[in-house]
């Protein structure tokens, strides 16, 4: 019997090296288009941070043949939806529309890939600098705990490491972008050779191939892509950062350097995170929230990225409980795993929960197509669903015990977000 996660697809490379994947799903009269540019904030330079995120905004400001705001209007009037997102490793743009509008979406995406700069003006740039500046103020600077993540990663990585600055960028950099900065970034990274296009849903394969060639094949590549060479990172000693914020309760953040996305320990670290805080019966959650009732919330997760990863635990104590008490209980549970290991029942429950969540997430066409693009860009195999879930099925109690000791017994960064003294 065919595995439901073993998908069929076609893949082609255009003359300009645009990577194209076609996946048919005729269960609904919908087509999804998802394009990844293999550039995120990690490809920026100190002093020019936030440019990748800025482009998530600029790409909706109109291109040579598509007036400003019309990209949204065309898609929405067709009954579709669209958006984009930026991470440290990539930027993506995606649309989902009734199947008859595939050509329109490909035209829109190709026009901004090939013809964004002729429509770029200082006025548009100034407008989006204002928008991004306000986004940073609203979601980071004026939000309780809003600066915690950038404080944490700035301490976890050396100053010039590409993971040390926030994806949105530093405010000083945002407000000093020039037209030349934007043009150089676009000409360097927004090229067919640095993009991956996935089309999924109901369409005719041969017709889709011709449309892709029609709209994308004549777009030239602009520059040689720079390589991202980053040396291995080590934390020389435990670091403690104390940050005063306008908060009602303090919060504890703990971070360790860990394995990269799809690395050999990545899946075991995901399972460890779930065993620590994933359910009411998980180790740290049960200890802090149910048994001792000293925390309001706690979460652990493995943050997997292209260069490396980080394992993070975040906890908010109940009023009157200090952060050192929470920290001690967290480390007690970590030491317990290192010393005594885990049960087969814990591992099986966690793996089954992960598999269930993973399969459920793929019921959404947009999510499925985005996952295909993830595999295409990071594993060079669009049909990596069986491989990916297989990584988790192979995790054992000994694996989880081993990665706990390997990563969580090493040096770490501790961030204490505390209430401002004058608050």
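Residue numbers (this note's numbering): 3 to 425. Note that CB positions come from ideal geometry on N, CA and C, so glycine has one too.
Spanning the alpha carbons of residue 225 and residue 8 requires a straight line of approximately 37 Å.
In this structure, residue 158 places its C-beta atom within 8 Å of the C-beta atom of residue 257. Within the region 83-123, the alpha helix (DSSP H) runs of at least 4 residues that lie entirely inside it are, in chain order, 104-116. Setting aside the 5 residues that flank it on each side, residue 134 is surrounded in the same chain by 52, 55, 56, 59, 170, 171, 176, each with a C-beta closer than 8 Å to its C-beta; the list follows chain order.
In this structure, the CA atom of residue 401 is about 45 Å from the CA atom of residue 206.
DSSP places residue 405 in the helix class (H, G or I) of the three-state scheme. A direct Cα-to-Cα measurement between residue 139 and residue 145 gives close to 8 Å. Cβ atoms of residue 286 and residue 337 stay farther apart than 8 Å, at about 12 Å. Using a C-beta cut-off of 8 Å, the region 182-202 makes contact with the region 17-24, since at least three inter-stretch Cβ pairs fall below that distance. As the crow flies, the alpha-carbon of residue 278 is around 18 Å from that of residue 412. For residue 358, the enclosing alpha helix (DSSP H) covers residues 346-363. At a Cβ-Cβ threshold of 8 Å, residue 82 and residue 99 count as neighbours. Where residue 253 is concerned, the enclosing beta strand (DSSP E) starts and stops at 253-260. Here the alpha carbons of residue 101 and residue 270 stand approximately 40 Å from one another. Judged by their CB atoms, residue 328 and residue 381 are not nearer to each other than the 8 Å cut-off.
In its chain, beyond the 5 residues on either side, 113, 114, 117, 118, 121 have a beta carbon closer than 7 Å to the beta carbon of residue 65.
The Cβ atoms of residue 353 and residue 406 do not sit closer than 8 Å to each other. Straight through space, the alpha carbons of residue 319 and residue 299 are spaced by roughly 7 Å. Of all alpha-carbon atoms in 414, 420, 274, the one lying nearest the alpha-carbon of residue 351 is that of 274.
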